[in-house]
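2 protein chains.
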Amino acid sequence: MKLEDLAGQCGEWLRGSGPESDIVISSRIRLARNLAEFPFIRKCTDQDRAQIERVLHEHIQRVDEWKNLSYVDVATLEDVDRQFLVERQLISREHSEAEGARSVAIDPHEKFSLMVNEEDHLRIQVMQSGLDLQSAWAQIDHIDNLIEEQVTYAFHERWGYLTACPTNVGTGMRVSVMLHLPALVITRQIEKVFRSLHKIGLAVRGLYGEGSQAMGDFYQISNQITLGRSEQQLIAQISDVVPVLIDYERRAREFLVRESQKDLHDRVSRAYGILCTAQTISSEETMHLLSSVRMGINLGLIRDLEIPTLNKLFIHTQPAHLQKLRGVELDTANRNIERANYLQRHLRKRDAGTDPEKN
Amino acid sequence: MKLEDLAGQCGEWLRGSGPESDIVISSRIRLARNLAEFPFIRKCTDQDRAQIERVLHEHIQRVDEWKNLSYVDVATLEDVDRQFLVERQLISREHSEAEGARSVAIDPHEKFSLMVNEEDHLRIQVMQSGLDLQSAWAQIDHIDNLIEEQVTYAFHERWGYLTACPTNVGTGMRVSVMLHLPALVITRQIEKVFRSLHKIGLAVRGLYGEGSQAMGDFYQISNQITLGRSEQQLIAQISDVVPVLIDYERRAREFLVRESQKDLHDRVSRAYGILCTAQTISSEETMHLLSSVRMGINLGLIRDLEIPTLNKLFIHTQPAHLQKLRGVELDTANRNIERANYLQRHLRKRDAGTDPEKN
């Protein structure tokens with residue numbers, strides 16, 4: 020599989036299906052694992068890293084059901100290709116920016132990826148469209164077992180899995196759910212919600228993980244603590260809180276429909292209009308406008324667009340995706356023009372789109 | 020003729036034809052006249068005003084070629100109807116807001132109007148589409164003669180026509196040209212241009228005369244001084260300066276096309292997009308966006324709209340016009356919704372409109 024083939028397709032977390040998919044984009048679990056026989060990455064020599072990479076590659080290749088996995092050498096990739104994998108959430112930004120031997124194995128349906136030599140020797144990540152942590156857990160547990168049959172993980176009887184960063188010691192697990200919360204942003208309740216989440220030990224991040232800005236009203240909620248909790252406890256904590264957030268967002272949307280239906284429709288409709296007619300547009304503005312349109316679709320204000328199409332636009336208008344799809348490198352100004360052209364090609368043919376009868 | 024009939028039609032200054040009509044909306048001349056036998060308006064009793072109104076009405080009715088003029092009693096009009104006549108530039112804002120007996124006679128083609136008991140007993144106004152002051156002058160001189168054949172104007176051999184305000188003494192004439200100068204606004208040259216105009220004794224006003232804000236990048240240039248100049252000198256002064264302004268605006272447009280074609284196209288195209296999709300929109304924003312679209316049509320960036328259609332939208336989206344066209348009174352919030360609906364009905368059917376091939 021080439022990265023170009025990936026660009027055109029729609030990975031698991033973009034499917035826009037699954038439970039509560041009007042608000043929950045995806046459910047994600049990742050496990051941090053290290054091989055007992057090697058030092059942690061930051062103590063590794065170049066030879067160690069190359070050795071770890073070789074060992075894990077061999078083990079992954081030996082798994083029968085993984086015959087069609089793509090094994091990508093991240094170290095030798097072009098910048099635009101690394102950025103492409105980050106946009107697609109198949110590798111982390113840290114993995115993209117690190118140095119030395121490192122790679123990623125990618126499931127052809129993009130349901131999971133295995134990062135080798137990120138912060139830990141192995142990071143297993145499973146993504147599921149909508150709110151479905153139990154499926155994600157079943158899958159990642161299975162993947163983890165397939166590897167553990169072949170290798171000895173660094174594990175301590177009392178502390179659990181040992182990881183490079185102490186915050187991951189224990190289960191080595193991070194459970195996260197990506198939510199689309201535009202109505203909480205519009206009604207200015209989002210900060211209050213986030214403060215509450217921090218109090219119960221949950222972290223809030225933007226679309227592209229740690230340190231990334233929340234663009235397009237997308238937020239990732241995840242556990243911060245792993246030590247002293249079981250996997251099921253960590254999943255339960257997120258599973259318990261997400262329905263509350265969904266409920267808040269739904270109430271905020273109902274409030275907007277009830278109290279300012281016309282302004283809401285105006286916001287959604289103009290966003291669609293600008294996306295259809297801009298001749299140059301930044302990634303940030305695109306995300307912001309697509310967010311309004313996404314909410315508009317979910318509220319029935321826009322009827323001729325579907326969520327999977329929109330989810331695809333979110334990712335395909337990212338800088339590296341635009342360049343992969345076009346097949347050329349583009350500077351910022353030309354990306355902004357290409358982005359506008361791309362949006363026009365995919366939205367214009369659908370006519371003006373909002374329903375003029377709906378007031 | 021009812022005002023409702025006027026609402027649907029397109030008056031002279033909205034035709035969008037005539038010389039230089041991409042930049043010059045209209046040419047206008049008005050004459051201030053007073054009847055020798057009555058005191059100036061501000062010294063008039065109610066009876067005097069009523070008497071002046073009766074006398075002038077009778078004289079106007081006696082003119083054979085004016086049989087089809089509409090004679091409108093401004094004093095008894097509803098607020099919305101007075102506002103409607105102001106928006107159409109058939110009466111001044113002062114005339115609309117004054118008290119006591121007053122009226123206006125309106126040519127069915129809206130080429131001229133005769134205001135009775137505005138600041139002076141009679142104000143004759145002639146409007147011509149595009150830059151055509153000589154036609155306007157020929158017409159207003161003829162109208163002035165038709166009335167002077169029947170009445171004795173207040174006239175002083177040395178000072179000329181006597182008027183309520185000393186600034187109008189002499190010819191009683193104001194010559195004005197309405198210009199659309201969006202590129203001078205975008206390139207921030209407009210203030211400099213205005214300072215130069217002030218230095219040579221010309222006034223710059225917005226769309227609706229004295230004190231009105233310049234909306235939609237429309238500016239009226241007119242003479243401030245009338246005493247000591249002949250009618251032809253006043254016309255010459257404006258006629259000499261307008262081609263210079265047209266040239267400045269053309270150069271500014273060429274500069275924008277050359278230096279920032281993409282940003283210009285973006286501005287024009289987004290303006291069109293918002294006008295097509297807004298669900299509620301203020302008069303001010305509408306003017307602002309229509310101004311960009313108007314320039315876009317003139318630069319060939321929008322091809323499926325024509326200037327007369329656009330000129331009509333400028334006037335039909337004004338508050339009183341919206342209400343007259345809809346046949347009901349509307350508060351601001353509902354006018355903003357009706358305005359958006361009106362724009363959609365008149366723009367949407369034309370599809371998205373800008374040319375995606377044109378980069």
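Chains as they are written, first to last, in my numbering: chain A, 20 to 378; chain B, 20 to 378. Ideal placement from N, C-alpha and C gives every residue a C-beta, glycine not left out. Note that the structure is predicted; figures quoted are calculated from it, not measured.
query	result
Contacting residues, own chain, Cβ-Cβ under 8 angstroms from A:I356 (five flanking each side not counted)	Q298, T299
Contact belief for B:H114 with B:V93 at Cβ below 8 angstroms, rounded distance in angstroms	6 angstroms
Residue range of the unbroken alpha helix (DSSP H) whose run includes A:Q342	338–345
Beta-carbon separation (whole angstroms), B:V204 vs B:D236, contact threshold 8 angstroms	5 angstroms
Any non-hydrogen atom of the ligand SAM closer than 8 angstroms to A:L109 Cβ	Among the components of this structure there are no ligands whatsoever, and the ligand SAM is therefore not found.
B:D350 at chain A interface by Cβ criterion, 9 angstroms	no
Backbone secondary structure at B:F59 - three-state DSSP	coil
A:I219, buried or exposed, once every other Cβ within 10 Å from all chains shown has been counted against 16	exposed
Cut-off 8 angstroms between Cβ atoms - residues of its own chain near A:Q80, not counting five sequence neighbours on either side	Y90
Those residues which DSSP pairs with B:Y238 across a bridge	B:L198
B:R52, enclosing beta strand (DSSP E) - first and last residue	43–52
Member of B:R207, B:A202, B:Q252, B:V263 whose CA lies at the smallest distance from the CA of B:Q280	B:A202
C-alpha gap between A:S40 and A:L181, whole angstroms	35 angstroms
CB contact below 9 angstroms: B:K281 versus chain A	yes
Supposed contact pair B:A120 and B:R379 - C-beta distance, whole angstroms, cut 8 angstroms	Summary: the structure shown does not reach residue 379 of chain B, with chain B confined to residues 20 through 378, and so no result is reported for it.
Classification of A:S36 by the beta-carbon crowding that lies within 10 angstroms, buried from 16 upward	exposed
Ordered list of alpha helix (DSSP H) runs contained in the stretch 144–220 of chain A, each at least 4 residues	152–167, 201–205, 209–218
Minimum Cβ-Cβ distance from A:H365 to chain B less than 9 angstroms	no
A:T299 at chain B interface by Cβ criterion, 9 angstroms	yes
Spatial neighbours of B:A55 in its chain, beta-carbon cut-off 6 angstroms, leaving aside the 5 residues before and after	T171, A173
DSSP three-state assignment for A:K377, whether helix, strand or coil	Its pLDDT being 35, under 50, A:K377 is placed unreliably by the model, and the measurement read from it follows with that caveat. If DSSP states are grouped into helix, strand and coil, A:K377 belongs with coil.
Beta-carbon contacts of A:R34 that lie in its chain and below 7 angstroms, excluding the five residues immediately before and after	S148, P327
Partner residues on chain A for B:Y90, Cβ-Cβ distance less than 8 angstroms	Per Cβ cutoff of 8 angstroms: no residues; B:Y90 is ~40 angstroms from chain A at best.
Extent of the continuous alpha helix (DSSP H) run through A:L309	302–317
Rounded C-alpha distance that separates A:Q337 from A:A352	14 angstroms
Under 9 angstroms between C-beta atoms of A:H140 and A:I71	yes
Coarse secondary structure for A:R322, derived from DSSP in three states	coil
Given A:S258 as reference, the closest of A:M314, A:S45, A:R345 once Cα atoms are compared	A:S45
B:G372 - DSSP class collapsed to helix/strand/coil	Because the pLDDT at B:G372 is just 39, under 50, the model does not fix this residue reliably, and the point stays unresolved.
Supposed close pair B:M134, B:Q108 - CB separation, criterion 8 angstroms	Between B:Q108 and B:M134 the Cβ distance is about 11 angstroms, and since that is not below 8 angstroms, they are no contact.
Cross-chain neighbours of B:G292 in chain A, by beta carbon under 7 angstroms	G292, I293, C295, T296
For A:I321, the nearest candidate out of A:D285, A:I244, A:E106, A:R61 (CA to CA)	A:D285
Chain B contacts from the stretch 305–326 of chain A (Cβ-Cβ distance under 7 angstroms)	none
As assigned by DSSP and simplified to three states, the class of A:I71	helix
Neighbour-count burial assignment, B:C295, 16 or more Cβ in a 10 Å radius	buried
Pairwise C-alpha distance: A:E84 and A:D126	10 angstroms
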